[in-house]
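Chemist:
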Amino acid sequence: MFPFGPLSPGGDGSAGAGAEEPAPHEGQAAATRPPSPLHPGADATHPPPPARSPRRPGAPSLSPAPRSGELGLPGAPESSAASAQGEPSPPSPPRRRPGPDCKAESRGRHGLGAGLGGPGARLFGWLKERSLGRGLFVDPARDNFRTMTSLYGSIHPADSVYLSTRTHGAVFNLEYSPDGSVLTVACEQTEVLLFDPISSKHIKTLSEAHEDCVNNIRFLDNRLFATCSDDTTIALWDLRKLNTKVCTLHGHTSWVKNIEYDTNTRLLVTSGFDGNVIIWDTNRYTEDGCPHKKFFHTRFLMRMRLTPDCSKMLISTSSGYLLILHDLDLTKSLEVGSYPILRARRTTSSSGVSPRNSLEVVTPEVLGESDHGNCITSLQLHPKGWATLLRCSSNSDDEECTCVYEFQEGAPVRPVSPRCSLRLTHYIEEANVGRGYIKELCFSPDGRMISSPHGYGIRLLGFDKQCSELVDCLPKEASPLRVIRSLYSHNDVVLTTKFSPTHCQIASGCLSGRVSLYQPKF
1403 MFPFGPLSPG GDGSAGAGAE EPAPHEGQAA ATRPPSPLHP GADATHPPPP
1453 ARSPRRPGAP SLSPAPRSGE LGLPGAPESS AASAQGEPSP PSPPRRRPGP
1503 DCKAESRGRH GLGAGLGGPG ARLFGWLKER SLGRGLFVDP ARDNFRTMTS
1553 LYGSIHPADS VYLSTRTHGA VFNLEYSPDG SVLTVACEQT EVLLFDPISS
1603 KHIKTLSEAH EDCVNNIRFL DNRLFATCSD DTTIALWDLR KLNTKVCTLH
1653 GHTSWVKNIE YDTNTRLLVT SGFDGNVIIW DTNRYTEDGC PHKKFFHTRF
1703 LMRMRLTPDC SKMLISTSSG YLLILHDLDL TKSLEVGSYP ILRARRTTSS
1753 SGVSPRNSLE VVTPEVLGES DHGNCITSLQ LHPKGWATLL RCSSNSDDEE
1803 CTCVYEFQEG APVRPVSPRC SLRLTHYIEE ANVGRGYIKE LCFSPDGRMI
1853 SSPHGYGIRL LGFDKQCSEL VDCLPKEASP LRVIRSLYSH NDVVLTTKFS
1903 PTHCQIASGC LSGRVSLYQP KF
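Taken in order, the sequence shown gives residues 1403 to 1924; the numbers are from the numbering used here.
(1) Output the residue ranges of the beta strand (DSSP E) runs that lie fully inside the segment 1664–1692 and measure 3 residues or longer, sorted by chain position.
(2) Grab me the residues of N1759's own chain with a C-beta within less than 8 angstroms of its C-beta, minus the 5 sequence neighbours each way, in chain order.
(3) Kindly indicate the opening and closing residues of the beta strand (DSSP E) around C1869.
(4) Sort D1711, S1914, H1699 and S1796 by Cα distance to P1785 and report the nearest one.
(5) Between F1627 and T1898, which are expected to be in contact by the criterion C-beta below 8 angstroms, what is the C-beta distance as a whole number of angstroms?
(6) Rounded to whole angstroms, how far is the Cβ of L1725 from the Cβ of L1761, which I believe are closer than 8 angstroms?
(7) Based on Cα-Cα distance, which residue from P1922, F1698, V1806 and Y1663 lies nearest to R1884?
(8) Would you mind working out which of P1922, Y1839, G1864 and L1913 sits nearest A1572, comparing C-alpha positions?
(9) By how many angstroms is the C-alpha of H1558 removed from the C-alpha of D1683?
(10) Tell me, to the nearest whole angstrom, how far the beta carbon of I1840 is from that of S1910; I am working on the premise that it is less than 8 angstroms.
(11) Can you give me the Cβ contacts of T1551 inside the same chain, cut-off strictly under 6 angstroms, excluding the 5 residues immediately before and after it?
(12) Checking the sheet assignment: what are the DSSP bridge partners for R1825?
(13) Express the C-alpha separation of K1606 and V1917 in angstroms, rounding to a whole number.
(14) For H1654, which beta-bridge partners are listed by DSSP?
(15) Among the residues of its own chain, which have a CB less than 8 angstroms from the CB of I1852, if the five just before and after it don't count?
(16) Quick one: what does DSSP say P1559 is sitting in, helix, strand or coil?
(17) So the beta strand (DSSP E) W1639 belongs to, where does it begin and stop?
(18) Using only CA atoms, which one of V1873, R1825, K1659 and D1614 lies nearest to T1779?
(19) Near E1610, what residues of its chain come up, given a Cβ to Cβ distance below 8 angstroms and the 5 sequence neighbours on each side ignored?
(20) Grouping DSSP H, G and I as helix and E and B as strand, with all else coil, what is Y1890?
(21) Using a Cβ-Cβ distance cut-off of 9 angstroms, determine whether Q1591 contacts chain D.
(22) Classify Q1921 as buried or exposed, calling it buried when 16 or more other Cβ atoms lie within 10 Å of its own Cβ.
(23) Who are the Cβ neighbours of R1887 in its own chain at under 8 angstroms, not counting the five residues just before and after it?
(24) Check whether the segment 1645–1661 and the segment 1687–1694 are in contact - that is, three or more C-beta pairs closer than 8 angstroms.
(25) Within its chain, find whatever has a CB closer than 6 angstroms to the CB of A1637; leave out the 5 residues flanking it on each side and keep chain order.
(26) Go ahead and pull the three-state DSSP assignment for L1622.
(27) Quick one: Cα of Y1890 to Cα of S1562, how far?
(28) Taking all protein chains shown into account, decide if D1623 is buried (16 or more other Cβ within 10 angstroms of its Cβ) or exposed.
Here's what the structure looks like:
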């Protein structure tokens, strides 16, 4: 969340010795597409990440929905040929309580479809389809999404609530706690603010959270959260004791821009403008920090994300390339030269298993001008891991667009690109207001809607007018995103927005420091 201004993150000499820092961004279209960020000479021909303006702004997955359990249905008595001939009929099978271990395939002739006829067969088919995982009945939340869509569509800008943050500089990031009880605000002027999003009351101000602007906040659970800053550090905090930090983590040599967390291994993953992705073992943290190691390095790194199941890592760059690490294993430290770069389909080992941490370099397809996607400024992932959401700016920084790409597995889609994990499904042009500032967008918790900063407000976008699930409305060719609602209530450019994970509420923050909460009135 920083401008593409005259000052570069690498030009001020703030990075440690030996760090590879990006050069100042001139904001001009390149004559040719820059080489891959992994190429030794890449820095000679392509523009670096956007740099910092005198205002010094900085920049900043829900687990997949559990598969619905299959319903074991009580058996029904069957008629045998022996009973039809007057012989004693065997006893009916014992009735048992339905349970998730009763598989649909084992019901046989005692299933509901056989016992109840036509309507039962339809219900049995409904249950079977619901258990498939990517069909029309992928999860119970589908049954009430129309209600949620109606609620979001009924929000009016006049109903927004303003939080008092105007004295703390621009708002670079918003983050809710997993239970939705706390809203945290990352501010330009070294502070972190905490609010109760339901009552809109201020809870606490961490006035000296860092020594420079705070870029990103990430909750590890309902009480622990991490913050990162342009002061090159990461800080861990406990909601139960906010007077002091739990610990401060040192390891980056330039601005730290975003934080991810693997809940299974409790590994914290951070990335910064030094080009490093660093792994921190929070299982062994002390007041002095916690063990860490450099996992990955690439030039011109902008953002890094993990898929909800932590099977992939995506890294966006200012050169327009997207790096995808497949079959991710965070326990291994890897060098770029050792990765099997995927120039075609991913290869498999002799055992038939794809190698861990296989790297794929992708140039995302963007409709329009060829230089449209020169810089991938924002990167988000669908909460069920189905797609990635990118915000791209052109070389000349005069156009912006939001694009959705579906993850593809298996057979090649096009002969020209035999192995490309991403397929453009939806897109929309964005207002180029607040040129040079990164705008962070987000998915709704169920993945049906997108909240995108748009000028002095936000737009709620859907894959179709009904806000259907992405897998239910995949187009054969890329289609425009549909605008569900536009909400304009700020007096300055909106830089970040976030859905509440538990309530029908959206938060947005702008360049002048104001935070707005949008929710329907009942």
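Just so you know, even glycine gets a beta-carbon here, dropped at the ideal spot from N, CA and C. Small disclaimer: the values here were computed from a predicted structure and weren't measured.
Modeler: Straight from the coordinates:
(1) The qualifying runs are 1669–1674 and 1678–1683.
(2) L1727, H1728, D1729, L1730, D1731, K1734, L1736 and Y1741
(3) Element bounds for C1869: n/a, residue is neither H nor E.
(4) D1711
(5) Contact flag wrong, Cβ pair sits at about 16 angstroms.
(6) Confirmed, about 6 angstroms.
(7) Ranking the options by Cα distance to R1884, first place goes to V1806.
(8) L1913
(9) If I take the Cα positions, the gap works out to 44 angstroms.
(10) For I1840 against S1910, the beta-carbon gap comes to about 15 angstroms, at or over 8 angstroms, which does not count as contact.
(11) C1869
(12) E1808
(13) A straight line joining the alpha-carbon of V1917 with that of K1606 spans about 15 angstroms.
(14) Note: H1654 sits in no beta bridge, so no partner.
(15) Closer than 8 angstroms at the Cβ level, and outside the excluded window around I1852, lie L1791, T1804, V1806, L1843, C1844, F1845, S1846, L1862, L1863, G1864 and L1883.
(16) helix
(17) T1635 to D1640
(18) T1779 has its Cα closest to that of K1659, out of V1873, R1825, K1659 and D1614.
(19) T1592 and E1593
(20) strand
(21) No chain D is part of this structure, which consists of one protein chain only.
(22) buried
(23) Y1554, G1555, I1557, R1861 and L1862
(24) yes
(25) T1629, K1647 and T1650
(26) coil
(27) Looking at the two C-alpha atoms, the distance is approximately 10 angstroms.
(28) exposed
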